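Protein chains in written order, with our numbering: chain G, 542 to 1269; chain C, 52 to 166.
Structure (structure tokens):
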């Protein structure tokens, strides 16, 4: 069901206006109505009925002839007992291993633990109790049927086709009378069913005749039914069902309803009047007014459940309730949704909200919240603080940029100084040349050293050879000649050795120079590489400050532009992004302050406004403003936002369109008036142009009155308020 | 041209009399939030009242038809809706007139006392 206000949940619209518990300072300062809150009695009106008699639950239950059963419980006690039984049964089942309750059942346990019998202090609580008991009755009926099927599978036969299709809806109707009514009291149409359920006048229940198909229910419900059918005593179950049915029928009587009303599908049927035209009661797309006319048991919960049912039926494949299997499933789902609805709103009633207003203690701070938001968006203090922070960030960024630029220049200089070496170092042929040179010198040194060693050996050989010859010589002249020859040869060898040593030394000096050169080139290469890397880093860093996401980085000029933009933003009064938000919130506040005019004018001054239903036909075809928007849409904006002239409209249109788009308006009208867009067009509203279809549907549907059409301004205003509050 | 506002609506809504008097008397001095809460509630209640009145009239008419005191028209529901709205409008107008007369009376009384 939509969050928008529908015609069926008007009661809850006020309820949905959740209010905080403590007053704001503004509220506290306002005049406060201090009347003591009286002990509240429940009125039939609190149940959504048009009657205003007091609802008295402290009466004894009555039998079918209206005689009080003074030995028995009061209506309140009967409901309390039945609630206790349901609660106990559910908690026992919950304690079992492998059990699984539906979310609604689980939440009921939590709620009942907290509130207990207090639940029956309000009309909402009574409605909820009634719905919970109804749901449990349905499940127990079904469980009994399962028992029956197990016991009599072979014997069981049906006499009439219609009994095969006993649905949840049928069950709702018959609960009120099982075991209570004589045959003559049963309204037409149910006699055969009663016959199959109750043995003639005895009031005795004939379980063999009951068949309810449970396959459409949720897996949790089916599991619970299985538990009930296998683990519980069927006589106890039967007693509970009879007691619950008795309490239920007395509950409806206490609300001023004849139990026979439960049977009639429409008021027409109840009064035996045949309506003009034919309307199928099960069709999901009954025009809203006809549906309102057909509501029989006009309590709030019936309206809510009907709405859920209609929504479910509309969304279901085939969009019909004619299939009994599907009908059971949908009725049960609608019932669970209704329980959820009342759980969420338990104890919230019109009267309570009225009392809160009287006490002035819990008024929702709608307008002041919005005004506060505008103040915050404009707040000079906040803006100053924001500016200070931004200016600081800017200063840091500028200083960082300056530092990096200096560092970059310094590194560039260092690289420039070493240009020659850099060039040399960058010559890829130099290191191998130096190495070859080194190798060559080393080879020369080696060769010279070998020659020197040879000469040293030769020296020793000369010494040995001449000494032997001298010793062997017989005369002195020969000896002298040999000694002289020896000296000559030794002198030559010594000279050779000296020359070689000198050559070795020269080469070794050359080698040292080459090695030194090699080391210098290697060191320089490292330095230049490091400087180049750092330069790259600096460039990146500057780029990243300017725009960390830019690829490649946008560099110094980008950063300078960014700084200029920031300076411009700091000079302006409000951040640009806030200006539009402020415009939207201000427009919304104006609408809320004009609540009376917006709702009242089209209702009471039809001729002055566009909203006349007489004008709806063909609205979508006109486009006198030369835009793609529909005339009706523009007129709605004119009415809600009250533009004065074309110029103002042009100026404010952009803002108004954001607050209430054409698509949103279509959605609101569709939901509020139950136009069934999805069922008709086979898709949800998803474009601005769908408003055109909505206008065509409205123009074709004359049963929607001017007043009901006007009431659509309530959800429109709620939408405008919510949107402004949620604006990020 | 009829202009209706929350203060006038409050005069016809089914409220406790003391509550109605106090809310109407103090309405102008309420905060904008309080006024908005009242406006929302009042208009929702107004449409609720309107719907319930229609149902009441509808039931009554159907009963009369069943007693052969009228004809079942095709636009019965729409006719009832229109009549109910006109009745509510009249009541509102009467209340508004009454209020205006009271105001003039009070003003005159004040003038007489001063002179």
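Glycine included, C-beta positions come from ideal geometry on N, C-alpha and C.
The model shown is predicted, which means the values in this text are computed figures rather than measured ones.
Between the options, which has its C-alpha nearest residue i's C-alpha?
{"i": "residue 878(G)", "options": "648(G), 1204(G), 1185(G)", "result": "648(G)"}
{"i": "residue 1218(G)", "options": "1205(G), 1201(G), 1238(G), 1229(G)", "result": "1238(G)"}
{"i": "residue 600(G)", "options": "985(G), 612(G), 616(G), 588(G)", "result": "616(G)"}
{"i": "residue 1130(G)", "options": "77(C), 80(C), 86(C), 135(C)", "result": "86(C)"}
{"i": "residue 1227(G)", "options": "1203(G), 928(G), 588(G)", "result": "1203(G)"}
{"i": "residue 1264(G)", "options": "1174(G), 1126(G), 660(G), 777(G)", "result": "1126(G)"}
{"i": "residue 630(G)", "options": "668(G), 760(G), 778(G), 1216(G)", "result": "778(G)"}
{"i": "residue 774(G)", "options": "681(G), 933(G), 1122(G), 585(G)", "result": "681(G)"}
{"i": "residue 1008(G)", "options": "1216(G), 1022(G), 650(G)", "result": "1022(G)"}
{"i": "residue 642(G)", "options": "1268(G), 655(G), 627(G)", "result": "627(G)"}
{"i": "residue 1260(G)", "options": "1199(G), 597(G), 1234(G), 1230(G)", "result": "1199(G)"}
{"i": "residue 1029(G)", "options": "1000(G), 788(G), 611(G)", "result": "1000(G)"}
{"i": "residue 1181(G)", "options": "919(G), 1258(G), 844(G), 1078(G)", "result": "1258(G)"}
{"i": "residue 674(G)", "options": "907(G), 767(G), 1077(G), 790(G)", "result": "790(G)"}
{"i": "residue 918(G)", "options": "1120(G), 797(G), 1013(G)", "result": "1120(G)"}
{"i": "residue 1248(G)", "options": "120(C), 109(C), 101(C)", "result": "101(C)"}
{"i": "residue 127(C)", "options": "978(G), 979(G), 1245(G)", "result": "1245(G)"}
{"i": "residue 970(G)", "options": "621(G), 1062(G), 656(G)", "result": "1062(G)"}
{"i": "residue 1059(G)", "options": "1123(G), 980(G), 618(G), 638(G)", "result": "980(G)"}
{"i": "residue 663(G)", "options": "596(G), 610(G), 619(G)", "result": "596(G)"}
{"i": "residue 637(G)", "options": "1037(G), 1074(G), 772(G)", "result": "772(G)"}
{"i": "residue 1196(G)", "options": "1208(G), 1179(G), 672(G)", "result": "1179(G)"}
{"i": "residue 1173(G)", "options": "907(G), 672(G), 1230(G)", "result": "1230(G)"}
{"i": "residue 1047(G)", "options": "1074(G), 765(G), 985(G)", "result": "985(G)"}
{"i": "residue 670(G)", "options": "976(G), 763(G), 1183(G), 842(G)", "result": "842(G)"}
{"i": "residue 787(G)", "options": "620(G), 1216(G), 1139(G), 1056(G)", "result": "620(G)"}
{"i": "residue 785(G)", "options": "987(G), 623(G), 1256(G)", "result": "623(G)"}
Residues bridged to residue i by DSSP?
{"i": "residue 601(G)", "result": "615(G)"}
{"i": "residue 135(C)", "result": "Looking at the DSSP assignment, residue 135(C) forms no beta bridge with any residue, so it has no partner."}
{"i": "residue 983(G)", "result": "Answer by DSSP bridge pairing: none, since residue 983(G) is not bridged."}
{"i": "residue 595(G)", "result": "584(G)"}
{"i": "residue 609(G)", "result": "603(G)"}
Would you please state the rounded distance, in angstroms, between the beta carbons of residue i and residue j? I believe it to be under 8 Å.
{"i": "residue 59(C)", "j": "residue 146(C)", "result": "6 Å"}
{"i": "residue 1266(G)", "j": "residue 911(G)", "result": "7 Å"}
{"i": "residue 661(G)", "j": "residue 653(G)", "result": "That belief does not hold up - the Cβ atoms of residue 661(G) and residue 653(G) are roughly 11 Å apart, past 8 Å."}
{"i": "residue 1236(G)", "j": "residue 1171(G)", "result": "7 Å"}
{"i": "residue 1177(G)", "j": "residue 1206(G)", "result": "6 Å"}
{"i": "residue 1137(G)", "j": "residue 56(C)", "result": "4 Å"}
{"i": "residue 1052(G)", "j": "residue 996(G)", "result": "Going by Cβ atoms, the distance from residue 1052(G) to residue 996(G) rounds to 22 Å, so no, they are not a contact pair."}
{"i": "residue 883(G)", "j": "residue 668(G)", "result": "5 Å"}
{"i": "residue 1024(G)", "j": "residue 1011(G)", "result": "6 Å"}
{"i": "residue 846(G)", "j": "residue 645(G)", "result": "The Cβ separation is near 13 Å, so there is no contact."}
{"i": "residue 989(G)", "j": "residue 1045(G)", "result": "5 Å"}
{"i": "residue 84(C)", "j": "residue 909(G)", "result": "5 Å"}
{"i": "residue 214(C)", "j": "residue 64(C)", "result": "Only positions 52 to 166 of chain C appear in this structure, which leaves residue 214(C) out of reach."}
{"i": "residue 796(G)", "j": "residue 585(G)", "result": "6 Å"}
{"i": "residue 1003(G)", "j": "residue 1020(G)", "result": "Going by Cβ atoms, the distance from residue 1003(G) to residue 1020(G) rounds to 16 Å, so no, they are not a contact pair."}
{"i": "residue 112(C)", "j": "residue 131(C)", "result": "7 Å"}
{"i": "residue 603(G)", "j": "residue 594(G)", "result": "Going by Cβ atoms, the distance from residue 603(G) to residue 594(G) rounds to 17 Å, so no, they are not a contact pair."}
{"i": "residue 766(G)", "j": "residue 683(G)", "result": "5 Å"}
Tell me whether residue i, by its Cβ, gets closer than 7 Å to a heavy atom of the ligand MN.
{"i": "residue 117(C)", "result": "Questions concerning the ligand MN fall outside what the structure shown contains, since it holds no ligand whatsoever."}
Can you pull out the residues from the stretch 113-142 of chain C whose beta carbon lies closer than 8 Å to at least one beta carbon of chain G? Listed in sequence order: 113, 114, 116, 117, 123, 124, 125, 127, 128, 129, 132, 133, 136, 140.
If you measure beta-carbon to beta-carbon, which residues of the stretch 77-93 of chain C are closer than 7 Å to chain G? Residues passing the 7 Å Cβ filter: 77, 80, 81, 82, 83, 84, 85, 87, 88, 89, 90, 91, 92.
Residue ranges of each alpha helix (DSSP H) run of no fewer than 4 residues wholly in the stretch 990-1018 of chain G, ordered along the chain? Counting whole runs of 4 or more residues, the stretch 990-1018 of chain G contains no alpha helix (DSSP H) stretch at all.
Residues from the stretch 651-682 of chain G in contact with chain C, defined by Cβ distance under 8 Å: From the stretch 651-682 of chain G, no residue has a Cβ closer than 8 Å to chain C.
Tell me which residues of the stretch 153-164 of chain C have at least one Cβ-Cβ distance to chain G shorter than 8 Å, keeping chain order. For the stretch 153-164 of chain C, the set of positions with a beta-carbon nearer than 8 Å to some beta-carbon of chain G is empty.
Pull out every residue of the stretch 1119-1136 of chain G whose Cβ sits closer than 7 Å to any Cβ of chain C, in chain order. So the close ones are 1133, 1134, 1136.
Chain-ordered residues of the stretch 1237-1260 of chain G with a beta carbon less than 7 Å from chain C: Along the stretch 1237-1260 of chain G, the positions whose C-beta sits under 7 Å from a C-beta of chain C are 1244, 1246, 1248, 1252, 1255, read in chain order.
Could you list the residues in the stretch 60-71 of chain C with a C-beta less than 7 Å from some C-beta on chain G, going in chain order? Taking 7 Å as the Cβ-Cβ cut-off, the stretch 60-71 of chain C approaches chain G at 66, 69, 70, given in chain order.
Closer than 8 Å between beta carbons: that is the criterion. Which residues of the stretch 1198-1216 of chain G meet it against chain C? Answer set for the stretch 1198-1216 of chain G: empty.
Could you name the residues of the stretch 99-112 of chain C whose beta carbon sits closer than 8 Å to any beta carbon of chain G, in the order they occur along the chain? Flagged, chain order: 99, 101, 102, 103, 104, 105, 106, 107, 109, 110.
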